[in-house]
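One structure below.
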Amino acid sequence: MPSPFRPSPGPQKTPQAYDLAQAFDIACRNYRLGPGDNLRVLFQTEWSIPRGTYTLDTLDEIEVEFILDPALNRKAVIRPDGMITLPGIGEVQAAGVTPDHLAKIISEKYQETEIFGKEDDRQLKQYKLVTVHVLSFYQKVKRLVESLTTLTGGQQLTVVVNPDGNIDLPLLEQRILAAGSTVREVEKTVNTLYRRGPLQHVVASVSLQEGKSRKVYVMGEVTRPGAYDITQPITALHAIALAGGHNSRTADLTSVILVSKDIYGKPIGRRLDLKKILDVGDMGSAIMVKPYDVLFVPNTYVADLRLFMEQYILTITDFATLRNLINQ
């Protein structure tokens with residue numbers, strides 16, 4: 001006969017696999033990367049640019065046509081110094097300007113040398129005396145992309161977050177701090193850095209291949225305190241079970257503290273009454289834990305949650321300061 005002082009358990013509500021998976025996905029959507037995580041980086045090229053905005057670059061091949069004297073027509077590859085050489089006027093700066101602007105520069109230089117006569121200039125004033133056609137473009141970028149795919153063994157690369165929290169990508173001098181960031185934040189940083197350099201037309205897609213830093217930390221009155229990998233959706237009770245279960249003589253399950261991080265990375269705490277869940281047997285109301293969560297099982301009731309969090313944050317800050325001093 002059920003005790004009159006304890007609520008009747010009633011039918012147990014066990015979460016379905018789909019519900020658990022969906023809850024785990026929501027909990028890990030803001031997953032913060034850590035050392036050991038594997039990232040997949042897929043490189044693609046994006047060539048679309050607004051009309052009339054393309055600027056010539058080194059290694060581009062162009063053809064210069066002269067309406068007055070086709071014998072002057074020339075095909076040229078822009079040299080690494082950005083120059084081309086044309087008969088009668090010598091070297092012309094071609095890299096960094098649009099084809100129309102280059103045509104105007106060439107026309108003015110020929111007029112200055114009077115290779116185009118004044119009479120011809122008056123008669124053909126309404127015409128473009130010089131036209132520049134782009135025969136092959138983005139050759140430098142294409143070669144850099146080829147180098148990139150050669151270095152990565154294809155268009156996709158697997159990178160591991162280093163113990164210091166950084167990742168290294170080919171053709172980028174700057175290292176990227178990935179630890180503590182979401183995958184989307186890292187992707188945004190990667191593309192920003194590539195756009196600043198010669199690979200401005202490379203688009204990188206970053207995804208989490210394997211989360212090896214996906215751990216939950218269980219502390220306090222449990223058999224084996226420590227960090228445990230999360231490979232499937234688990235509740236706070238499951239996490240305590242990973243640590244060998246609670247100490248039945250000393251643990252106070254009515255005041256288990258769950259410390260999580262909000263979307264801004266700030267730690268927040270909440271009190272869980274796991275004893276009530278066990279007494280009622282309602283697993284449907286169990287709390288899901290996510291990576292980097294900390295579960296603390298106290299030996300007495302935590303009356304002041306705010307004070308507990310202040311002491312927790314102070315302890316973590318002091319530990320981080322000590323670690324930085326040791327690393328220096």
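FYI, the UniProt record's numbering numbers position 263 of the sequence shown as 263, with every residue one higher than the one before it. Even glycine gets a Cβ: it sits at the ideal position worked out from N, Cα and C. None of the values given here were measured: they were computed from a predicted structure.
In this structure, Asp-37 keeps its C-beta atom at 9 angstroms or more from the C-beta atom of Glu-185. Taken atom to atom, the span from the alpha-carbon of Lys-142 to that of Pro-225 is near 54 angstroms. Annotated as proximal: Val-77 and Ile-84, with beta-carbon spacing under 9 angstroms.
The three-state reading of DSSP puts Gln-139 in helix, counting H, G and I together. Straight through space, the alpha carbons of Leu-39 and Ser-207 are spaced by roughly 6 angstroms. Taking the C-beta atoms as reference points, Leu-307 is found no nearer than 9 angstroms to Leu-278. Going by DSSP, Pro-267 is part of the beta strand (DSSP E) stretching over 267-272.
When DSSP states are grouped into helix, strand and coil, Ser-107 belongs to the helix group. Bounds of the alpha helix (DSSP H) holding Leu-193 are 183-196. Sequence-distant partners of Val-92 (beyond 5 residues in either direction) whose C-beta falls short of 8 angstroms from its own C-beta, in its chain, are Met-83, Ile-84, Thr-85, Leu-86, Leu-102, Ile-105, Ile-106, Lys-109. The secondary-structure analysis by DSSP pairs Arg-249 with nothing; it has no beta-bridge partner. The shortest CA-to-CA distance from Asp-229 to any of Val-222, Asn-299, Tyr-217 is the one to Tyr-217.
Inter-residue distance for Val-159 and Thr-300 is about 45 angstroms (C-alpha atoms, whole angstroms). A straight-line Cα-Cα distance of about 39 angstroms links Glu-63 and Glu-187. By the Cβ neighbour-count rule, Asp-60 is buried, with 16 or more other Cβ atoms within 10 Å of its own.
The DSSP-derived three-state label of Ser-255 is helix. The beta carbon of Thr-235 lies closer than 8 angstroms to those of Met-283, Ala-286, Ile-287, Met-288, Val-289 in the same chain, with the five residues before and after it left out. For Val-259, the CB contacts under 6 angstroms within the same chain, skipping 5 residues up- and downstream, are Pro-267, Gly-269, Val-294 in chain order. Contact annotation, Ala-179 with Gly-34: C-beta distance approximately 5 angstroms; criterion of less than 8 angstroms satisfied.
In the DSSP secondary-structure assignment, Asn-166 is bridged to Leu-177. The same chain holds no residue with a CB closer than 6 angstroms to that of Gly-265 once the five nearest residues on each side in sequence are set aside. Taking a C-beta distance under 9 angstroms as the contact criterion, Asn-166 and Leu-177 qualify as a contact pair. For Ile-240, no beta strand (DSSP E) run applies; the uninterrupted alpha helix (DSSP H) run containing it begins and ends at 236-242, by DSSP.
Residue Asn-73 holds the alpha-carbon nearest to the alpha-carbon of Leu-129 among Val-183, Gln-156, Lys-275, Asn-73. By the neighbour-count definition (other C-beta atoms within 10 Å, threshold 16), Ile-257 is a buried residue. In its chain, beyond the 5 residues on either side, Asn-30, Tyr-31, Arg-32, Leu-33 have a beta carbon closer than 8 angstroms to the beta carbon of Thr-182. CA-CA distance, Arg-79 to Gln-156, rounds to 31 angstroms.
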